[in-house]
Ligand code: TRP
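Numbering (the numbering used here), first residue to last: 7 to 338.
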């Protein structure tokens with residue numbers, strides 16, 4: 007719009023987000039929103055590729071918007087909207103389906119994982135998930151897409167589809183680049199730091215949710231596994247537990263890892279874990295309060311969604327009409 011480069015990302019409004027999602031996604035978006043023309047979507051159409059309880063999906067969708075804003079994503083700077091409010095996503099996905107091979111989709115690792123986990127419901131949408139995601143990104147001519155490592159393959163296929171279309175017709179889509187952010191991009195499970203903290207971990211003490219109350223947060227950090235020895239130093243190979251906690255602390259206390267090491271030099275694990283828990287709880291409390299306040303102001307949130315969808319639809323519509331012309335759809 008104003009000469010800034012376009013950045014696009016989305017989160018599915020499914021499970022509770024963990025502090026790993028906060029560090030890996032939202033905290034990065036906060037930094038990016040000033041420098042890019044940002045679109046942040048709530049991917050409800052992706053969410054239904056596995057069965058959802060309708061009432062829960064509805065309330066989680068709104069809760070996600072309130073969370074974005076409560077975390078500091080500024081609706082005056084960023085376009086926030088719900089994917090299903092902008093029909094161009096489904097429309098472009100259909101066209102892109104005809105430029106995507108079945109074999110490519112069958113090889114996607116996330117599809118294979120999910121198909122194994124939801125063997126009773128291996129639906130076409132689950133297989134088509136990466137094409138819808140490509141449509142999301144390409145509609146906005148996004149240059150940059152900040153995502154986690156787990157989305158690398160999906161981003162790669164979005165680039166392939168864009169290039170394929172551009173080569174067959176003429177340049178139509180910006181070929182997007184993934185922004186795989188390194189700093190704190192991976193928060194480990196508190197019970198098994200070699201694994202990524204996940205929304206659906208086997209051990210619920212391993213994951214800290216953005217919705218956890220103070221006591222729960224502190225209890226989970228108190229129980230976090232540490233390593234042999236007693237020194238609090240950042241050494242992921244030999245001290246994965248302590249290093250993970252130092253990463254969490256540095257992000258939530260707004261310090262560098264070196265500063266964090268200095269803060270805890272000579273201190274014991276007990277005191278350290280309590281301080282990490284407190285730093286996280288201190289940051290989450292105002293976010294949770296603001297999210298609750300926003301959720302009680304439905305009119306305000308609906309207003310954001312309405313103007314977000316309008317703006318998104320204008321941008322997306324421009325791309326979609328180019329595509330429709332190029333493939334030979336008759337225009338009146
Ligand atoms: N698939 C992404 C995830 O699960 C969410 C997503 C949907 C997305 N559409 C997107 C991310 C477009 C980036 C760009 O994390």
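Beta carbons are placed, not taken as given, at the ideal position from N, Cα and C, and that holds for glycine. Computed from a prediction, not measured in an experiment: that's the story for all the values here.
DSSP-derived helix/strand/coil call for residue i
i	result
residue 54	coil
residue 258	helix
residue 242	coil
residue 81	coil
residue 274	coil
residue 167	helix
residue 302	coil
residue 177	coil
residue 334	coil
residue 7	Model confidence at residue 7 stands at a pLDDT of 49, short of 50, so the residue's coordinates are unreliable; what they give is reported in the following sentence. DSSP places residue 7 in coil when its eight states are reduced to three.
Cβ separation of residue i and residue j, assumed to be a contact under 8 angstroms, to the nearest whole Å
i	j	result
residue 70	residue 314	Actually they do not touch by this definition, with Cβ atoms about 13 angstroms apart.
residue 117	residue 132	6 angstroms
residue 231	residue 199	7 angstroms
residue 43	residue 12	5 angstroms
residue 81	residue 75	6 angstroms
residue 185	residue 136	So it is not a contact: roughly 18 angstroms between Cβ atoms.
residue 10	residue 41	7 angstroms
residue 254	residue 238	Contact flag wrong, Cβ pair sits at about 13 angstroms.
residue 330	residue 142	Not quite, the Cβ-Cβ distance comes to about 18 angstroms (not below 8 angstroms), so this is no contact.
residue 311	residue 91	7 angstroms
Residue(s) in a DSSP beta bridge with residue i
i	result
residue 88	48
Check: residue i C-beta below 7 angstroms from any heavy atom of the ligand TRP
i	result
residue 139	yes
residue 157	yes
residue 160	yes
residue 147	no
residue 18	yes
residue 56	no
residue 271	no
residue 151	yes
residue 287	no
residue 14	yes
residue 52	yes
residue 49	yes
Chain B contact for residue i (CB, 8 angstroms cutoff)
i	result
residue 330	In the structure shown, chain B does not exist; there is a single protein chain.
Any non-hydrogen atom of the ligand GDP within 7 angstroms of residue i CB
i	result
residue 142	Summarising the ligand content, the structure contains the ligand TRP and does not contain the ligand GDP.
Open item on the list: I'd like the ranges of any alpha helix (DSSP H) spanning at least 4 consecutive residues and lying wholly in the segment 10 to 75.
Closed with: 33 to 38, 50 to 53
Task: Every unbroken alpha helix (DSSP H) within the segment 93 to 163, with a cutoff of 4 residues, ordered by chain - done: 94 to 103, 108 to 112, 115 to 123, 130 to 145
Task: Minimum length 3: unbroken beta strand (DSSP E) runs contained in the segment 181 to 240 - done: Unbroken beta strand (DSSP E) runs of no fewer than 3 residues, entirely contained in the segment 181 to 240, are found at 183 to 185, following chain order.
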